[in-house]
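Worksheet: the structure to be examined is printed underneath.
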Amino acid sequence: MKSVLAQNMLAAALVCGLTFTSAVAQQLPTTGTIDSRLGELELNNGYPTEATVRKLYDDIDFQRACQAYLWGLPLIAMVQWQGEQRDKFGADNLDYVDYVTFKDKLGLLTANATTPYVMAFPNMKDTGPLVVEVPAGAMAGGIVDFWQRPLTDTGQTGPDKGAGGKYLVLGPGDPDMKPEGYYVVRSPTINIWSGHRALDPDPAKARAAIAGLRIYPYSQRANPPPTRHVSPDGRKWSGEQPRGLAYWEALARIVDEEPVLERDRIMLGMLQPLGIEKGKPFRPTERQKRILIEAAQVGEVMARTIGFDKRFEGVKVWPGKQWEISLFLKETSQEAPHYTQLDERTSWFYEAVGVSVGMMGRTVGFGQVYLEASKDAAGHWLEGARTYHLRVPPNAPVAQFWSFTVYDNETRCFVDTGVQPDRSSRDNIVKNADGSVDLYFGPQAPAGKPATNWIRTIPGRGWFTYFRLYGPTQPYFDRSWVLPDIELVK
Numbered sequence: 012m013k014s015v016l017a018q019n020m021l022a023a024a025l026v027c028g029l030t031f032t033s034a035v036a037q038q039l040p041t042t043g044t045i046d047s048r049l050g051e052l053e054l055n056n057g058y059p060t061e062a063t064v065r066k067l068y069d070d071i072d073f074q075r076a077c078q079a080y081l082w083g084l085p086l087i088a089m090v091q092w093q094g095e096q097r098d099k100f101g102a103d104n105l106d107y108v109d110y111v112t113f114k115d116k117l118g119l120l121t122a123n124a125t126t127p128y129v130m131a132f133p134n135m136k137d138t139g140p141l142v143v144e145v146p147a148g149a150m151a152g153g154i155v156d157f158w159q160r161p162l163t164d165t166g167q168t169g170p171d172k173g174a175g176g177k178y179l180v181l182g183p184g185d186p187d188m189k190p191e192g193y194y195v196v197r198s199p200t201i202n203i204w205s206g207h208r209a210l211d212p213d214p215a216k217a218r219a220a221i222a223g224l225r226i227y228p229y230s231q232r233a234n235p236p237p238t239r240h241v242s243p244d245g246r247k248w249s250g251e252q253p254r255g256l257a258y259w260e261a262l263a264r265i266v267d268e269e270p271v272l273e274r275d276r277i278m279l280g281m282l283q284p285l286g287i288e289k290g291k292p293f294r295p296t297e298r299q300k301r302i303l304i305e306a307a308q309v310g311e312v313m314a315r316t317i318g319f320d321k322r323f324e325g326v327k328v329w330p331g332k333q334w335e336i337s338l339f340l341k342e343t344s345q346e347a348p349h350y351t352q353l354d355e356r357t358s359w360f361y362e363a364v365g366v367s368v369g370m371m372g373r374t375v376g377f378g379q380v381y382l383e384a385s386k387d388a389a390g391h392w393l394e395g396a397r398t399y400h401l402r403v404p405p406n407a408p409v410a411q412f413w414s415f416t417v418y419d420n421e422t423r424c425f426v427d428t429g430v431q432p433d434r435s436s437r438d439n440i441v442k443n444a445d446g447s448v449d450l451y452f453g454p455q456a457p458a459g460k461p462a463t464n465w466i467r468t469i470p471g472r473g474w475f476t477y478f479r480l481y482g483p484t485q486p487y488f489d490r491s492w493v494l495p496d497i498e499l500v501k
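Residue numbers (our numbering): 12 to 501.
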């Protein structure tokens with residue numbers, strides 16, 4: 012009986028094995044050619060041929076480099092901006108740079124043209140823990156790690172709630188401490204970003220608030236040195252992530268400088284065959300250079316696709332409209348319950364810099380909302396050579412003000428026409444009798460329309476716009492107030 016049972020089991024196993032082998036054989040010939048999206052892949056006695064091995068390793072490295080490009084976008088934006096402040100403006104490690112004028116902000120990714128920015132990018136390697144002093148008043152901002160994950164909001168949406176305060180930032184290796192009188196946060200990165208905006212419409216009050224921002228080592232708290240505020244003075248600069256091999260050179264430098272985060276170990280394993288490895292100099296071979304340069308190009312087109320043609324469920328603000336929620340992260344940590352929001356953060360950090368709780372726009376009457384349009388009502392991309400019209404309905408859902416700003420889709424910075432690329436409810440714009448506002452976008456002011464309501468665009472360049480709501484109110488959250496699409500003027 013046992014012998015018969017054993018024979019039956021053996022026969023069943025052989026049948027299963029033959030079935031499995033047959034199924035595999037239908038997919039992978041022992042010897043032959045597979046037609047794939049990579050081209051022909053040749054096998055000989057089950058092994059890839061030498062030509063196929065070379066082809067696949069090139070494609071493995073290329074695919075990994077494309078994904079590494081997307082992964083690194085928020086980090087490289089910080090590296091680029093930190094370097095520009097140092098190299099173009101002469102800012103030292105603990106200096107703030109004050110971006111006040113339109114020209115000052117020309118290099119800033121999707122800046123608002125309405126409020127002044129104040130930025131510092133300290134490296135805590137030599138300073139140790141840092142104190143960031145925020146003055147009382149109409150300020151909004153935050154302290155962020157170099158992956159652009161907020162450590163804390165500051166100002167109106169922070170724990171000081173606009174009353175001002177001292178924030179103590181501990182680095183990755185600093186001992187725990189909770190001194191009285193400080194809001195204490197810890198950064199997982201050695202480099203941080205301290206960024207703030209002055210929201211008061213009174214220029215004198217805004218300047219006073221900016222001057223009150225200070226940053227210094229905690230070790231010098233008894234007699235803190237003055238904080239230097241540097242002006243760009245109209246000097247040309249760029250916050251765009253660098254292109255080509257320069258992107259990877261920047262990534263290699265910051266990977267070597269910063270501690271490895273547990274979540275990033277797999278990606279660093281993918282970068283190792285491409286010559287980027289912590290503790291080793293970046294000296295890519297000609298083959299690695301070729302792959303990396305091509306991957307930076309393809310990776311950027313991927314980022315534009317993810318950002319300008321979003322496919323996230325629920326990203327549309329109103330059914331049937333082109334308006335999208337630009338900052339579509341579930342949490343400021345960039346984490347969803349079961350995954351890291353790679354595409355969502357790619358979409359935002361290719362176009363923009365910075366995240367804070369206030370920027371998520373989830374509290375009635377506080378913070379900001381960022382809505383984006385890159386297509387007209389017919390679903391066509393916005394073009395600089397054409398003229399468009401948008402009617403902003405009356406009673407916009409804002410406690411403070413709204414603004415429209417136009418950006419170049421390649422630089423993600425202001426459309427550089429030499430004039431202010433935005434209009435806001437604070438401006439001297441012409442309103443209709445019912446309180447609505449007609450805005451026009453195009454290379455020339457439309458005949459018979461008020462020039463105050465027109466934003467210039469550049470022929471031959473694509474553009475997109477952010478509609479910002481400062482202090483969004485209930486009609487935005489319940490979607491009872493609806494913003495029409497941008498219409499092509501024929």
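A virtual CB, placed ideally from N, CA and C, is assigned to each residue, including glycine.
Per-residue DSSP class, three states only, for ARG218: In the sequence shown, the residue the question calls residue 218 occupies position 207. It is helical.
Beta-carbon separation (whole angstroms), TYR107 vs LEU119, contact threshold 8 Å: In the sequence shown, residue 107 corresponds to position 96, counting from 1. In the sequence shown, residue 119 corresponds to position 108, counting from 1. That belief does not hold up - the Cβ atoms of TYR107 and LEU119 are roughly 15 Å apart, past 8 Å.
Stretch pair the stretch 236-244 + the stretch 180-197: three plus CB contacts closer than 8 Å: With a cut-off of 8 Å on Cβ pairs, the stretch 236-244 is not in contact with the stretch 180-197, counting fewer than three such pairs.
Sheet register partners of ARG225 (DSSP bridge): Here residue 225 refers to the residue found at position 214 of the sequence shown. Answer is GLU144, bridged to ARG225.
Segment contact flag, the stretch 38-55 with the stretch 123-131, C-beta cutoff 8 Å, min 3 pairs: no
Opposing strand residues paired with LEU450 [DSSP bridges]: Position 439 of the sequence shown, counting from 1, holds the residue named residue 450. DSSP output for LEU450 lists LEU401 as bridge partner(s).
C-beta atoms of ARG467 and THR428 nearer than 8 Å: Residue mapping note: residue 467 aligns to position 456 of the sequence shown, counting from 1. Residue mapping note: residue 428 aligns to position 417 of the sequence shown, counting from 1. Yes, they are a contact pair.
Length-filtered (3 minimum) beta strand (DSSP E) runs lying within the stretch 419-474: 433-435, 448-453, 465-467
Backbone secondary structure at PHE488 - three-state DSSP: To locate residue 488, count along the sequence shown from 1; it is residue 477. Here PHE488 sits in helix by DSSP.
Cβ-based neighbour list, TYR229, same chain, cut-off 7 Å, excluding 5 preceding and 5 following: The residue you call residue 229 lines up with position 218 of the sequence shown. GLY139, PRO140, LEU141, VAL142, LEU179.
Simplified DSSP assignment, three categories, for VAL64: Sequence index remark: in the sequence shown, residue 64 carries index 53 (1-based). Secondary structure at VAL64: helix, using DSSP grouped into helix, strand and coil.
Closest residue to VAL266 among ASN420, TRP82, SER367 (Cα-Cα distance): Position 255 of the sequence shown, counted from the first residue, corresponds to residue 266. Checking every option, the nearest Cα to that of VAL266 belongs to TRP82.
GLY206 beta carbon less than 8 Å from that of GLY365: The residue given as residue 365 occupies position 354 in the sequence shown. The residue given as residue 206 occupies position 195 in the sequence shown. Yes; because the gap between Cβ atoms is below 8 Å, this pair is in contact.
Classification of ASN234 by the beta-carbon crowding that lies within 10 angstroms, buried from 16 upward: Position 223 of the sequence shown holds residue 234. Label assigned to ASN234: exposed.
Contact under 8 Å by Cβ, THR422 with LEU84: Numbered from 1 along the sequence shown, position 411 holds the residue referred to as residue 422. Numbered from 1 along the sequence shown, position 73 holds the residue referred to as residue 84. No, they are not a contact pair.
Reference GLN308, options GLY169, TYR80, GLY43, closest by Cα: By 1-based counting over the sequence shown, the position of residue 308 is 297. Comparing Cα positions, the closest option is TYR80.
Cross-strand partners of GLU394 (DSSP beta bridge): Numbered from 1 along the sequence shown, position 383 holds the residue referred to as residue 394. DSSP output for GLU394 lists GLY473 as bridge partner(s).
Cβ pair PHE132, TRP204 closer than 8 Å: Taking the sequence shown and counting its residues from 1, one reaches residue 132 at position 121. Taking the sequence shown and counting its residues from 1, one reaches residue 204 at position 193. In this structure, TRP204 lies closer than 8 Å to PHE132 by Cβ.
Close Cβ partners of GLN411 (< 7 Å) along its chain, the five nearest in sequence each way excluded: Working through the sequence shown from its first residue, we reach residue 411 at position 400. Beyond the five residues adjoining it in sequence on each side, GLN411 comes within less than 7 Å, by CB distance, of TYR481, GLY482 in the same chain, given in chain order.
Identity of the residues DSSP links to GLU305 by a beta bridge: Sequence index remark: in the sequence shown, residue 305 carries index 294 (1-based). Partner(s): none; GLU305 has no beta bridge.
Unbroken stretches of the alpha helix (DSSP H), 4 residues or longer, contained in the stretch 228-273: 256-268
Rounded straight-line distance, which links the Cα of THR41 to that of PRO253: Mapped onto the sequence shown, residue 253 falls at position 242. Mapped onto the sequence shown, residue 41 falls at position 30. Roughly 45 Å between the two C-alpha positions.
Spatial distance of GLN231 from ASN202 (CA atoms): Indexing the sequence shown from 1 puts residue 231 at position 220. Indexing the sequence shown from 1 puts residue 202 at position 191. Cα to Cα, the separation comes out at about 19 Å.
Outcome for LYS291 when other beta-carbon atoms lying within 10 angstroms are tallied against a minimum of 16: Residue 291 sits at position 280 when you count from the first residue of the sequence shown. Residue environment: LYS291 is assigned as exposed (fewer than 16 neighbouring CB atoms within 10 Å of its CB, all protein chains considered).
Beta carbon of ASN406 nearer than 8 Å to that of VAL441: Position 395 of the sequence shown, counting from 1, holds the residue named residue 406. Position 430 of the sequence shown, counting from 1, holds the residue named residue 441. Contact flag unset, no.
Proximity below 8 Å, CB of PHE452 to CB of VAL417: Position 441 of the sequence shown, counted from the first residue, corresponds to residue 452. Position 406 of the sequence shown, counted from the first residue, corresponds to residue 417. Their beta carbons are under 8 Å apart, which means PHE452 touches VAL417 by this criterion.
Completely contained beta strand (DSSP E) runs for the stretch 157-188, where each covers 3 or more residues: 161-166, 176-181
Endpoints, the alpha helix (DSSP H) within which LEU353 is located: Here residue 353 refers to the residue found at position 342 of the sequence shown. 353-362 is the span of the alpha helix (DSSP H), which, as asked, contains LEU353.
Nearest neighbour of ASP489, chosen from HIS391, THR374, SER414 [CA to CA]: Within the sequence shown, numbered from 1, the residue matching residue 489 stands at position 478. Measuring from the Cα of ASP489, the nearest candidate turns out to be THR374.
Paired residues, beta bridge with ILE45 - DSSP: Position 34 of the sequence shown, counted from the first residue, corresponds to residue 45. In the DSSP output, where bridge partners are listed per residue, ILE45 has LEU52.
Given THR343 as reference, the closest of ALA257, ARG160, GLN78 once Cα atoms are compared: In the sequence shown, the residue the question calls residue 343 occupies position 332. With distances taken between Cα atoms, THR343 lies closest to ARG160.
Start and end residues, alpha helix (DSSP H) containing MET281: Taking the first residue of the sequence shown as 1, we reach residue 281 at position 270. MET281 -> alpha helix (DSSP H) spans 276-282.
Backbone secondary structure at LYS386 - three-state DSSP: Stepping through the sequence shown from its first residue, residue 386 is reached at position 375. Note: LYS386 maps to strand in three-state DSSP.
Burial state of ASN420 (16 or more Cβ within 10 Å): In the sequence shown, counting from the first residue as 1, residue 420 sits at position 409. Answer is buried; the Cβ neighbour count reaches 16.
For ILE154, the residue or residues it bridges with in DSSP: For this step, residue 154 is matched to residue 143 along the sequence shown. For ILE154, the beta-bridge partners assigned by DSSP are THR163, SER205.
Top-ranked residue by Cα proximity to SER447, from LEU494, LEU303, VAL326: The residue you call residue 447 lines up with position 436 of the sequence shown. Taking each of LEU494, LEU303, VAL326 in turn and checking the Cα distance to SER447, the smallest one comes out for LEU494.
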